[in-house]
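Taking it in order: structure first as structure tokens, then the write-up.
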Amino acid sequence: MIHDLSAYRPNVGVVLFHPDGRVWLGRRYAAPEPYNWQFPQGGVDEGEDLTQAAFRELAEETGVTSTTLLGRTDGWLAYDFPPEHNGSKIAKGWKGQRQVWFALRFDGDEREIDLTGHGHPEFEDWRWGRLEEAPALVVPFKRATYEAVVRAFRDFGRFRGQAA
665 MIHDLSAYRP
675 NVGVVLFHPD
685 GRVWLGRRYA
695 APEPYNWQFP
705 QGGVDEGEDL
715 TQAAFRELAE
725 ETGVTSTTLL
735 GRTDGWLAYD
745 FPPEHNGSKI
755 AKGWKGQRQV
765 WFALRFDGDE
775 REIDLTGHGH
785 PEFEDWRWGR
795 LEEAPALVVP
805 FKRATYEAVV
815 RAFRDFGRFR
825 GQAA
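For the sequence shown, this note's numbering gives the first residue as 665, with consecutive numbering after it.
Structure below.
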């Protein structure tokens, strides 16, 4: 368990539920197989409300804006970057990421989904899948977080189009 979260970059994650209970999965742009699928996620701007950050990140990464908030995780979920991980977040001194996750229902038409709408795409493909399959698809250092998200949101996958 991580006790000092100050070294972890504030981040939000989004599980986008289709009205039939499936979830949106994106294949990360230019990421090697087999662990190259994940949910939309991203950093929180200084002073930004977490819920607003979740809606912003979802729109930036997927183009989706037609949603209804179903719920969110309590507190922060955190993971460490692996030792071999390199990139801008490590260079900025972050040990890992701390995340609050949001469950949103997709209320739009699939034509709304646009992976290239905000410049550099995060994803190169997407599909609807089962919530329970997500931990096996994500990079291993995020797996425990995804397992916690599955436990937190499993009931949202059962609504099958009913109002939440």
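Quick reminder that beta carbons are idealized off the backbone N, C-alpha and C, glycines included. In this text, all values refer to a predicted model and were calculated from it rather than measured experimentally.
Sequence-distant residues of the same chain with beta carbon closer than 6 Å to residue i, five excluded per side
i: L722; result: V678, P704 and V728
i: V813; result: W765
i: L795; result: V687, V814 and G821
i: Y810; result: A798, P799 and V802
i: A816; result: T737
i: A717; result: V676 and V708
Alpha-carbon spacing of residue i relative to residue j, whole angstroms
i: T780; j: T726; result: 8 Å
i: D778; j: N700; result: 19 Å
i: F681; j: D668; result: 32 Å
i: E644; j: D789; result: As shown, the chain starts at 665 and ends at 828. That puts residue 644 outside it, with no answer to give.
i: E786; j: D819; result: 28 Å
i: P804; j: R775; result: 32 Å
i: W740; j: G706; result: 14 Å
i: F719; j: G711; result: 15 Å
i: A808; j: N675; result: 16 Å
i: T715; j: E724; result: 14 Å
i: K756; j: D713; result: 22 Å
i: Y747; j: A695; result: Sequence check: residue 747 is Pro here, not Tyr. Answer to the nearest angstrom: the Cα atoms are 18 Å apart.
i: N750; j: R691; result: 20 Å
Close-in-space but distant-in-sequence residues of the same chain around residue i (CB under 8 Å, 5 per side omitted)
i: R822; result: G685
i: W758; result: A671, Y672, R673 and F745
i: K806; result: Q702 and Y743
Cut-off 7 Å between Cβ atoms - residues of its own chain near residue i, not counting five sequence neighbours on either side
i: G772; result: V728 and S730
i: G793; result: R686, V687 and L689
i: R769; result: F681, P683, T731, T732, L734 and A828
i: R791; result: L689
Residue i - partner residues in DSSP beta bridges
i: N700; result: BP columns for N700 are empty, so no partner.
i: T731; result: F770
i: L714; result: Note: L714 sits in no beta bridge, so no partner.
i: L741; result: Q763
Beta-carbon proximity of residue i to residue j, cut-off 9 Å
i: T737; j: Q761; result: no
i: H782; j: Y693; result: no
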